[in-house]
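Engineer: Residues -18 to -1, 1 to 310 in mature numbering (1 follows the signal peptide of the UniProt record, and there is no 0) are what the sequence shown spells out, letter by letter.
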Amino acid sequence: MRLRTPLALLGAAVLVLAGPPLLSSGDDSDSGTQIPGLRFMVPNTPGGGYDITARTAAKNAEDAGLTHNIEVFNLPGAGGTVGLSRLVSEHGNGKLAMSMGLGVVGAVRSNHAPKTLADTTPIARLTEEQDVVVVGKDSPYKTIDELVDAWKKDPGKIPVGGGSSPGGPDHLAPMLMAQAAGIEPKSVNYIPFDGGGELLASILGNKVGFGVSGVGEYLDQIKAGELRVLAVTGPERVDDLKDAPTLKESGYDVDFTNWRGIVAPPGLSEAQRDKLTRLVEELHDSPEWKKSMDQNGWDDAFLTGEKFGDFLEAQDKRVVSVLKELGL
């Protein structure tokens, strides 16, 4: 993930797996990838980025024969911290994993959550993707400049919707966009939703002036003409959205991408952790996953184990730093 501005460089959101204790078809030293009873927890509502990532990963793993009958379930609330608390309470459960990303990092901070990602077992960072700035098909804004011009006149009258709590990717992207446009971030009327699925209805119903979410979450609606994409937040145009300019080429100095990954409960044995990691490594190398990444506009950002843990710690510090620099 990548987020570059004159102020800061911030990686931005996630895939979290969850479920009962991990048992293999043999004992815990089994070198395979079969984890009977594996469950993936999605810490927000259906239809969001964590949900899409988890369900895609589960289907691809099953189609590739890596494991079978993975249960994906949603446990939304408080920007993902309800699910995080549940995950941490499942100490030693090698059959549970959670889909997560920058949104959970930010929610831990904004909600002053008692449990943090430092309490989990890091498994892997999977993907990176750009955010999109979108409006409904009936919106009066046809270009990013038209939107920004109206936004600058009265920032509070144009609510911005995002599928993450303050500090998450869908919050940070429009705040950085506002700053680059000369709008005081504190004046922005940001409305958080518990995932992109909840946000979508408000964009389509013109309940918000515009929305910010991941490319993969809204690609189908954009292609169907239900949403109009005004810009993408990353360093270059997205292959499936070639008509949508980047914020940077539109004159707004923002370069921002989100990421998603997987964490597991604390207290796993080395064998349990290794088996989960091995499953994700073989998923990452499978043709099924590579095809899904291409279809969803996801970039490869694979990172496992301690390196992923170090990345999570750095992300937490950067979220705090950028929020301070934005005056939020």
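Note that the Cβ used here is the ideal one computed from N, Cα and C, for glycine as well.
Predicted, not measured: the structure shown is a model, and the values here were computed from it.
Excluding the 5 residues preceding and the 5 following residue 64 in the sequence, name in chain order all residues of the same chain whose CB lies nearer than 8 Å to its CB.
Structural biologist: Excluding sequence neighbours, residue 64 sits near 25, 57 and 58.
Engineer: Flag this pair as yes or no: are the beta carbons of residue 113 and residue 162 separated by less than 8 Å?
Structural biologist: Result no, Cβ atoms of residue 113 and residue 162 do not sit closer than 8 Å.
Engineer: If you run the structure through DSSP and keep just helix, strand and coil, what is residue 101?
Structural biologist: Reduced to three states, the DSSP call for residue 101 is helix.
Engineer: Roughly how many angstroms lie between the CA atoms of residue 223 and residue 67, to the nearest whole one?
Structural biologist: Taking the straight line from one Cα to the other gives about 37 Å.
Engineer: On the CB-based measure, 16 or more other CB atoms within 10 Å of its CB, does residue 254 come out buried or exposed?
Structural biologist: Per the 10 Å Cβ criterion, buried.
Engineer: Quick one: any contact between the stretch 132 to 147 and the stretch 38 to 54, if contact means 3 or more CB pairs under 8 Å?
Structural biologist: Not touching, per the Cβ criterion.
Engineer: Taking only runs that begin and end inside the stretch 137 to 206, name each unbroken beta strand (DSSP E) of 3 or more residues, in chain order.
Structural biologist: Listed in chain order, they are 142 to 144, 172 to 174 and 192 to 196.
Engineer: Look at residue 148 and residue 250 and say whether their C-beta atoms are less than 8 Å apart.
Structural biologist: Taking 8 Å as the Cβ cut-off, residue 148 and residue 250 do not qualify as a contacting pair.
Engineer: With distances taken Cα to Cα, identify the nearest neighbour of residue 270 among 14, 45, 23 and 17.
Structural biologist: Ranking 14, 45, 23 and 17 by Cα distance to residue 270 puts 45 first.
Engineer: For the putative contact between residue 259 and residue 106, defined by C-beta atoms under 8 Å, what is the C-beta separation to the nearest angstrom?
Structural biologist: Indeed, because the Cβ distance is near 7 Å, the residues count as touching under 8 Å.
Engineer: Mind checking residue 297: buried by the 16 CB within 10 Å criterion, or exposed?
Structural biologist: That one is buried.
Engineer: What did DSSP end up calling residue 95 once you bin it into helix, strand or coil?
Structural biologist: Coil, per DSSP.
Engineer: Which of helix, strand or coil does DSSP assign to residue 271?
Structural biologist: Correct three-state label for residue 271: helix.
Engineer: Is residue 79 helix, strand or coil when you go by DSSP?
Structural biologist: Here residue 79 sits in strand by DSSP.
Engineer: Within the chosen definition, does the stretch 286 to 301 reach the stretch 90 to 110 through at least 3 CB pairs nearer than 8 Å?
Structural biologist: The stretch 286 to 301 vs the stretch 90 to 110: in contact.
Engineer: So is residue 126 buried or exposed if we call it buried at 16+ other beta carbons inside 10 Å?
Structural biologist: Label assigned to residue 126: buried.
Engineer: Quick one: what's got a C-beta closer than 6 Å to residue 155's C-beta in the same chain, skipping five residues either side?
Structural biologist: These residues qualify, in order along the chain: 113, 194, 215 and 238.
Engineer: Taking 8 Å as the CB-CB cut-off, is residue 253 touching chain B?
Structural biologist: Protein chains in the displayed structure number just one, and chain B is not present.
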